[in-house]
Each structure stands twice: as structure tokens, then as C-alpha cells.
Amino acid sequence: MRNFLSFFLIFFLVVPFFGQEFDSQKDEEEFAKVCEAISSKKITKGDFRQLKFIQRLKREMASTGIFVISADDGILWQTQKPYFSTMAMTKSAIIQTNAKGKKSVISAESNATFDQFSKVLSSVFTGNAGILTQNFEVEFIGSTDNWSINLIPKNSSVRKVVEEIEMVGKISIDLMTIHEPNGDYIRYEFLTHIFPDALTEEEKALFGKN
2 MRNFLSFFLI
12 FFLVVPFFGQ
22 EFDSQKDEEE
32 FAKVCEAISS
42 KKITKGDFRQ
52 LKFIQRLKRE
62 MASTGIFVIS
72 ADDGILWQTQ
82 KPYFSTMAMT
92 KSAIIQTNAK
102 GKKSVISAES
112 NATFDQFSKV
122 LSSVFTGNAG
132 ILTQNFEVEF
142 IGSTDNWSIN
152 LIPKNSSVRK
162 VVEEIEMVGK
172 ISIDLMTIHE
182 PNGDYIRYEF
192 LTHIFPDALT
202 EEEKALFGKN
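This note's numbering puts the first residue of the sequence shown at 2, with every later residue one more than the last.
Rendered as C-alpha cells:
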């Protein structure tokens, strides 16, 4: 979870907004349809597996847990192994909860940078095509029911940290790989997707709603 948070804080806080051109009209239309399908899910839940590969050590580190993506509330990551912890990112704060239930909150009050970070991060998981195409060169391959999307940061200084993001999916994102220029990468596998109508009371509490 720490790697995940560090990546997005480094990456999205420095990305500017520009226009985007697709290789073809068909690619642009298919990409829009995929984003529309993803964004149509009010809540997406499931299990995740994270694999962090460190090139210089030739070493892999794995963790597993559950995730919740809520269009209204934000993104929730609950790591269960090897260590238990929870991170919820809402529109107004990042809330971290340790294994003993102790919470720490990073507030977004009067912080325009955090607001931008929150919107762009949410766009990756909720399929906001407009924000995605403003921040990335987009390569779309496949069709709406079996696709892959490569996202390349437009900002050259950002590409020194993140080389490329690959996403593969069908009705939702199944696999996301974040490549770094030094050969390191972080891979997230999203499993057993379900699409409930509402959050549980526990999930609401982790999002800071209770």
C-alpha cells in the first residue's frame, strides 16, 4: 500500500493538462466505450494481489487484500497480508488505519494540489476519459469486451519516475502494471469483481462517513 500511495503522490501531483490525439477514430470511440462501461459501475469491489519487482535486487515482494472503488466515496485499499492496514482516499482526505484501528488523516482542506491528485487518481479507476486523455498518451488495443490500454505520461519529468501504465480488462480493470524507467514495476491483479448497490457499514466507517 505504501508503494501504491507513494507512486500516485509523486506522479499525479506534477502532471499538467494537455490535449490528446488517438491513432484512429475507431480507437478513440472504443476507448470512450470502455471508459463509459467502467464508469457505469457505482461501486466495484474485489480482491487484489500486488507484486512489486525490484530490478537491482532481482526480488519480488507480494501482498494481498481487498479493494473498494466507489464513484461517490473514493477508493479503499485494505491490505491483509503480509501486514494488515487500510488506506481510503476520499475527495477530502486520505485516511490510513493500522491493524489496531488507529487512524491518521491527511486533509485536503484548502489544498488545490490534493484536489487535482484526487481527481486524476479517481479517473484511472472510474474510467473518466476526459481527465485520462488530458494527462496521458493513450494506446488502445482490442474491443470493448476484451481490451488493453497503455498510458504514457506526457510530462518528461514525470517519465523519469513512471515510464508507462498498462491496464487490461473486460467489464472492469483486471490487471494494472506500473513500469518505472529503472526496470522496477508494480503489478496489481484485481479479482472476483462484484458490483453492489451500496457500501457496508464497515466500509462507510473506513471512508470516514460514520
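Here a beta-carbon is modelled for each residue, glycine too, at the ideal position from N, C-alpha and C. The structure displayed is predicted, hence computed values, not measured ones.
The C-beta of P83 has fewer than 16 other C-beta atoms within 10 Å across all chains shown, which makes the residue exposed. Taken atom to atom, the span from the alpha-carbon of L200 to that of I44 is near 8 Å. Looking only at I67, E61, S105, the smallest Cα-Cα distance to G209 is reached by S105. When the five nearest sequence neighbours on each side are left out, the beta carbons in the same chain lying within less than 7 Å of the beta carbon of F137 are those of L152, I153, P154, K155, in order along the chain. Annotation for I95: I107 place their beta carbon closer than 6 Å to its own, counting only its chain and skipping 5 residues before and after.
Take T80, set aside five residues on each side of it, and the residues of its chain with a beta-carbon closer than 6 Å to its own are M2, S64, G66, S86, in chain order. Counted as a single uninterrupted DSSP element, the stretch harbouring Q81 is not any alpha helix (DSSP H) but the beta strand (DSSP E) occupying residues 75-82. In this structure, L192 places its C-beta atom within 7 Å of the C-beta atom of D48. The C-beta distance from H180 to E165 rounds to 5 Å, short enough to fall under 8 Å. Here F32 really is in contact with F141; their C-beta atoms are around 4 Å apart, less than 8 Å. Residue environment analysis places L58 among the exposed positions, since fewer than 16 neighbouring C-beta atoms fall within 10 angstroms of its C-beta. If you ignore the 5 residues before and after A100, its C-beta comes within less than 6 Å of the C-beta of F85, all in its own chain and listed in chain order. Cβ-Cβ distances below 7 Å link D146 to K171 in the same chain, with the five nearest sequence neighbours on each side left out; the list follows chain order. Taking 7 Å as the cut-off, the Cβ atoms of E61 and F54 count as close. For V35, the enclosing alpha helix (DSSP H) covers residues 26-40.
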